[in-house]
Amino acid sequence: MIEPEVQYDSIERQHATARLGIWVFLGSELLLFAGLLTLFAAYRFQYPAEFRAASAHANVLIGTVNTYVLLTSSLTVALAIHAARHGHRRRIVMFLAITIVLGIAFDVLKGVEYAQHLSEGIAPGHYYSFSALPAHGAVLYFTLYYLLTGLHAIHVTGGLVVLIWLAIKARRGDFTPSSYISLELGGLYWHLVDVVWLFLWPLIYLIR
Amino acid sequence: MTDSSQPSALTYVVVWVVLAVLATLSLLASYAPLGDWNVIVAFAIATLKAALVFGFFMHLLHGPPLHRIVIVVALCFVALIILGVLADVATRSVASPYVDDVQSQRAVGTATTSSTP
Numbered sequence: 331m332i333e334p335e336v337q338y339d340s341i342e343r344q345h346a347t348a349r350l351g352i353w354v355f356l357g358s359e360l361l362l363f364a365g366l367l368t369l370f371a372a373y374r375f376q377y378p379a380e381f382r383a384a385s386a387h388a389n390v391l392i393g394t395v396n397t398y399v400l401l402t403s404s405l406t407v408a409l410a411i412h413a414a415r416h417g418h419r420r421r422i423v424m425f426l427a428i429t430i431v432l433g434i435a436f437d438v439l440k441g442v443e444y445a446q447h448l449s450e451g452i453a454p455g456h457y458y459s460f461s462a463l464p465a466h467g468a469v470l471y472f473t474l475y476y477l478l479t480g481l482h483a484i485h486v487t488g489g490l491v492v493l494i495w496l497a498i499k500a501r502r503g504d505f506t507p508s509s510y511i512s513l514e515l516g517g518l519y520w521h522l523v524d525v526v527w528l529f530l531w532p533l534i535y536l537i538r
Numbered sequence: 518m519t520d521s522s523q524p525s526a527l528t529y530v531v532v533w534v535v536l537a538v539l540a541t542l543s544l545l546a547s548y549a550p551l552g553d554w555n556v557i558v559a560f561a562i563a564t565l566k567a568a569l570v571f572g573f574f575m576h577l578l579h580g581p582p583l584h585r586i587v588i589v590v591a592l593c594f595v596a597l598i599i600l601g602v603l604a605d606v607a608t609r610s611v612a613s614p615y616v617d618d619v620q621s622q623r624a625v626g627t628a629t630t631s632s633t634p
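Protein chains in written order, with this note's numbering: chain P, 331 to 538; chain S, 518 to 634.
Here's what the structure looks like:
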């Protein structure tokens, strides 16, 4: 049995506080991305034709595949927590491993997409040199594209580090049906990264 | 949180299937000639998907009310950010106040087009 920290009378209380803490953090993450998404929307009103032309040049295939990749990784992380609740240690490790592979696949596909854009001279801000698209609005579209997807990719990568740490803990047998709070919190963070992508996907790739 | 109130593994799989179907719908709808409705459909589906992830995968539906309060408050602030900014930019009819436009208007005889750097 795990002892709670001194300020809690029970481990349940401590876990409840940890859960509330991560929800407040996730709420602040929502506000961070909402600000950037709104900036993107505001510039779209400013430069409608240029944004339409630029989004037609986005890689819808990679963007869409990545949507399914993240949705599936959300399922597997939920199943990992479900396995922990029922004490299936091997299944926790298996589902976390699948989640990690999917997360890496997301980052790799994102990298392919970036490489493709950069080879055409589509770089953020001042370094933009793609002559086929109307200058000003398209630069803004792609600069915000890099900012939004880059910040999101950093979140995915941070989530991956957490998932790898959790998988190591799970392999060691650290999680029992009464004690798997770090897995639960890591899972909640991973789901939020998925939710953010659910809004980036239509904004960047689908609205033409 | 009691164990009995948590969704079953089958619930998670069903939610995932619904999410995948909604993503496919969203992709197909983006090719339909709906005009301005394209944006509304895309974000309505995204919101529905986010609600499913929050509700089932993240246990917001089955968890303590305090978690729901945190997210509802955060969403109110998100709504304020979006509505506040878009109420401005979506209703502008006069020339935009951006620096490059002002400069192009100052340049002699080239004040005809906006947003040209």
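Beta carbons are placed, not taken as given, at the ideal position from N, Cα and C, and that holds for glycine. Bear in mind the structure is a predicted one, so any value in this text is a computation, not a measurement.
Backbone CA spacing between residue i and residue j [nearest angstrom]
i                  : j                  : result
Leu-493 of chain P : Leu-542 of chain S : 30 angstroms
Ile-598 of chain S : Tyr-475 of chain P : 20 angstroms
Phe-370 of chain P : Tyr-471 of chain P : 7 angstroms
Pro-634 of chain S : Ala-386 of chain P : For Pro-634 of chain S, the pLDDT reaches just 46, beneath the cut-off of 50, and the residue's location in the model is therefore unreliable, although a value from the coordinates is still provided. Using only the alpha carbons, I get a separation of about 22 angstroms.
Pro-524 of chain S : Pro-581 of chain S : 15 angstroms
Ala-410 of chain P : Ala-384 of chain P : 39 angstroms
Glu-380 of chain P : Arg-374 of chain P : 8 angstroms
Gly-517 of chain P : Ala-408 of chain P : 7 angstroms
Gln-344 of chain P : Tyr-338 of chain P : 6 angstroms
Ala-346 of chain P : Leu-432 of chain P : 29 angstroms
Glu-359 of chain P : Arg-502 of chain P : 31 angstroms
His-416 of chain P : Pro-507 of chain P : 6 angstroms
Thr-519 of chain S : Ala-372 of chain P : With a pLDDT of 44 at Thr-519 of chain S, under the threshold of 50, the predicted position of this residue should be treated as unreliable, and no value is reported.
Asp-553 of chain S : Val-534 of chain S : 28 angstroms
Ala-388 of chain P : Ala-435 of chain P : 19 angstroms
Ala-596 of chain S : Tyr-519 of chain P : 22 angstroms
Val-530 of chain S : Leu-544 of chain S : 21 angstroms
Gly-484 of chain P : Met-424 of chain P : Per the sequence shown, the amino acid found at residue 484 of chain P is Ile instead of Gly. Approximately 24 angstroms between the Cα atoms of the pair.
His-524 of chain P : Gly-467 of chain P : Note that residue 524 of chain P is Asp in the sequence shown, not His. Distance between the alpha carbons of Asp-524 of chain P and Gly-467 of chain P: 28 angstroms.
Leu-539 of chain S : Ala-364 of chain P : 22 angstroms
Tyr-458 of chain P : Ala-445 of chain P : 14 angstroms
Pro-454 of chain P : Arg-382 of chain P : 18 angstroms
Anticipated Cβ contact below 8 angstroms, residue i with residue j, distance rounded
i                  : j                  : result
Val-639 of chain S : Leu-551 of chain S : A query on residue 639 of chain S cannot be resolved here, the shown segment of chain S reaching from 518 to 634 and no further.
Leu-533 of chain P : Leu-400 of chain P : About 15 angstroms; that fails the 8 angstroms criterion.
Ala-526 of chain S : His-412 of chain P : 5 angstroms
Leu-522 of chain P : Ile-430 of chain P : Leu-522 of chain P to Ile-430 of chain P, Cβ: 17 angstroms. No contact.
Leu-577 of chain S : Leu-536 of chain S : The pair is not a contact, with the Cβ atoms about 15 angstroms apart (cut-off 8 angstroms).
Val-526 of chain P : His-482 of chain P : 6 angstroms
His-584 of chain S : Leu-362 of chain P : That pair is no contact at about 19 angstroms.
Tyr-535 of chain P : Val-390 of chain P : 5 angstroms
Local conformation of residue i per DSSP, three classes
i                  : result
Thr-429 of chain P : helix
Thr-608 of chain S : coil
Ser-358 of chain P : helix
Ser-403 of chain P : helix
Ser-512 of chain P : helix
Arg-420 of chain P : helix
Buried versus exposed, by CB contacts within 10 Å (16 or more), residue i
i                  : result
Glu-450 of chain P : exposed
Ser-404 of chain P : buried
Glu-514 of chain P : buried
Trp-353 of chain P : buried
Trp-531 of chain P : buried
Val-469 of chain P : buried
Ile-498 of chain P : exposed
Ile-422 of chain P : buried
His-456 of chain P : exposed
Leu-356 of chain P : buried
Ala-462 of chain P : exposed
Arg-609 of chain S : exposed
Ala-607 of chain S : exposed
Tyr-510 of chain P : buried
Ile-562 of chain S : buried
Exercise. What residues in the region 537–549 of chain S bring their beta carbon closer than 7 angstroms to a beta carbon of chain P?
Worked result: Taking 7 angstroms as the Cβ-Cβ cut-off against chain P, the residues of the region 537–549 of chain S that qualify are Ala-537, Ala-540, Ser-543, Leu-544 and Ser-547.
For this session: May I ask you to list, following chain order, the residues of the region 455–466 of chain P that have a beta carbon less than 8 angstroms from some beta carbon of chain S?
Result: Only those residues of the region 455–466 of chain P whose C-beta falls short of 8 angstroms from the nearest C-beta of chain S are listed: Ala-465 and His-466.
Problem set entry | Residues of the region 385–403 of chain P whose Cβ lies closer than 9 angstroms to any Cβ of chain S, in chain order | Per Cβ criterion, the list reads Val-390, Thr-394, Thr-397, Tyr-398, Leu-401 and Thr-402.
For this session: Please list the residues of the region 350–362 of chain P that have a C-beta atom closer than 8 angstroms to any C-beta atom in chain S, keeping them in chain order.
Result: For the region 350–362 of chain P, the set of residues with a beta-carbon nearer than 8 angstroms to any beta-carbon of chain S comprises Leu-350, Trp-353, Val-354, Leu-356, Gly-357, Ser-358, Leu-360 and Leu-361, in chain order.
Exercise. Residues in the region 520–534 of chain P with C-beta within 7 angstroms of chain S's C-beta atoms, listed in sequence order?
Worked result: Residues passing the 7 angstroms Cβ filter: His-521, Asp-524, Val-525, Leu-528, Phe-529 and Pro-532.
Exercise. When you check each C-beta in the region 553–569 of chain S against every C-beta of chain P, which residues fall closer than 8 angstroms?
Worked result: Listed by position, the residues of the region 553–569 of chain S near chain P (Cβ gap below 8 angstroms) are Asn-555, Val-556, Ala-559, Phe-560, Ile-562, Ala-563, Lys-566 and Ala-567.
Problem set entry | Contact residues within the region 363–382 of chain P, judged by C-beta distance below 7 angstroms to chain S | Hits within the stretch, in order: Ala-364, Gly-365, Thr-368, Ala-371, Ala-372, Phe-375, Gln-376 and Tyr-377.
Exercise. Listed in chain order, which residues of the region 576–589 of chain S have Cβ atoms closer than 8 angstroms to some Cβ of chain P?
Worked result: Taking 8 angstroms as the Cβ-Cβ cut-off, the region 576–589 of chain S approaches chain P at Gly-580, Pro-581, Leu-583, His-584, Val-587 and Ile-588, given in chain order.
Problem set entry | Short-range partners of chain S found in the region 404–438 of chain P, where Cβ spacing is below 7 angstroms | Per Cβ criterion, the list reads Ser-404, Leu-405, Ala-408, Leu-409, His-412 and Arg-415.
Exercise. Mind listing which residues of the region 491–524 of chain P have their C-beta closer than 7 angstroms to chain S's C-betas, in chain order?
Worked result: For the region 491–524 of chain P, residues whose beta-carbon sits nearer than 7 angstroms to a beta-carbon of chain S comprise Leu-518, His-521 and Asp-524.
Exercise. Just by C-beta distance, which residues in the region 592–604 of chain S are closer than 8 angstroms to chain P?
Worked result: Listed by position, the residues of the region 592–604 of chain S near chain P (Cβ gap below 8 angstroms) are Leu-592, Phe-594, Val-595, Ile-598, Ile-599, Val-602 and Leu-603.
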